[in-house]
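For the sequence shown, full-length UniProt numbering assigns the number 1 to the initial residue and increments by one for each residue that follows. Ideal Cβ placement from N, Cα and C applies to all residues, glycine included.
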Amino acid sequence: MYNLMTPFGLNRNNEKDYNIKVWGEGSVNAKPDQAIISLGVVTKDKNVKNAKEENTLLSNQVIKGLMKIGINEDDIETATYTISPMYDYQDGKKSLRGYEVKHMFKITIKDISKVSEVIDVATESGANVINYIRFEVSNPDFYYNQALEKAVISARKKGEVVAKTLGVNINKIPLRVSEKDMHQIKPYYERTGLAVMDGATPIQLGNVEFKSRVSVVFQYEMFE
């Protein structure tokens, strides 16, 4: 995208100073090297104590199972723990049916070759809910900077094309550079409900895409 601040729609500082505003975009793809899994244990019972005790038992089994396959205890975090009453509604009346206890974990997997194994071991140990699997890179700044560099180079090339078309020379040092947008698109798998399945869980990896967008203002002079 170009914004030609020429005499036809000009932003100028004085009679001979003119600006060219251009947009540059850059993107970089990276192989993920870690994964975040949200999974947990849901138990239900008429008695809240029984629901809590069963949940504690299964949750501890999940933690122990994951640690046995090399997941560090520090990488197994409690994300949420809730106790919710369950009600039945009949003829406009509400009656207590029991309680639901939900313990959700956030698990960081630093060896992505273990993702399928983690899911299988967790479900075999008692986990019955998976919210999502998200793949990430552990050093995002490295790729952000590459995308930003590409965006700036793209903007400079556009500025040079515009200046050449106008028949003028631009100042190589930009008057202003603004970073407008930078984000990453992560491979994301959402699986709501029961996570129990037969056989090994197949997981297909995708790339993490980093995008950057900048606006650059170059100054040029009109020669008489």
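Practice item. Return the first residue and the last residue of the beta strand (DSSP E) that S38 is part of. Key: Per DSSP, the unbroken beta strand (DSSP E) holding S38 starts and ends at 34 to 45.
Fill in: Coarse secondary structure for D88, derived from DSSP in three states
In the three-state DSSP reduction, D88 falls in the strand class (E or B).
| Under a CB-based cut-off of 8 Å, is N169 close to chain B? | The chain labelled as chain B is not found in the depicted structure, where only one protein chain is given.
Taking the alpha-carbon positions, what's the S178 to V217 distance?
Cα to Cα, S178 sits roughly 9 Å from V217.
*Based on the DSSP output, what are the partners of Q219 in its beta bridges?*
DSSP output for Q219 lists N19 as bridge partner(s).
Margin query: Within 10 Å of its beta-carbon, does L205 have 16 or more other beta-carbons around it, so buried, or fewer, so exposed?
Written below: Exposed, by the Cβ-count rule.
State yes or no: is the C-beta of K106 within less than 8 Å of the C-beta of S38?
Against a cut-off of 8 Å, the Cβ pair of S38 and K106 comes out as a contact.
- [ ] Quick one: give me the first and last residue of the alpha helix (DSSP H) that E124 is part of.
- [x] In the DSSP assignment, E124 falls within the alpha helix (DSSP H) that extends over 115 to 125.
Review point. Going by C-alpha distance, which of V118, K158, S59 is nearest I133?
Key: Out of V118, K158, S59, V118 has the C-alpha closest to the C-alpha of I133.
- Could you tell me which of V161, V28, I20 sits nearest to E149, measuring between CA atoms? Checked all of V161, V28, I20; the closest Cα to E149 is V28.
Quiz prompt | Closest Cα partner of E209 within the set N171, Y143, Y220 | solution = It is Y143.
Exercise for review: Tell me where the alpha helix (DSSP H) around V168 begins and ends.
Suggested key: For V168, there is no enclosing alpha helix (DSSP H), since its DSSP letter is neither H nor E.
Classify P85: buried if its beta carbon has 16 or more other beta carbons within 10 angstroms, exposed otherwise.
That one is exposed.
Local Cβ density within 10 Å of S113, reported as buried at 16 or more and exposed below that: With fewer than 16 other Cβ atoms within 10 Å, it is exposed.
Reference Q219; option with closest CA among S95, N169, N207 | When only C-alpha atoms are compared, the closest one is N169.
- Tell me the DSSP bridge mates of L96? DSSP lists Y87 as the beta-bridge partner residues of L96.
Shortest alpha-carbon distance to residue 248 belongs to which of G98, T82, V48? Here the chain comprises residues numbered 1 to 224, so residue 248 is not present and cannot be evaluated.
| If we count the other Cβ atoms within 10 Å of its Cβ and call it buried at 16 or more, is S95 buried or exposed? | Sixteen is the threshold: since fewer than 16 other Cβ atoms of the shown chains lie within 10 Å of the Cβ of S95, the residue is exposed.
Requested in this report: Report buried or exposed for V129, applying the criterion of at least 16 other Cβ atoms within 10 angstroms of its Cβ.
Outcome: Buried, because 16 or more other Cβ atoms sit within 10 Å of the Cβ of V129.
Practice prompt. Output the distance between the C-alpha atoms of A127 and S59, rounded to the nearest integer angstrom.
Written response: Our two residues, A127 and S59, have alpha carbons roughly 7 Å apart in a direct line.
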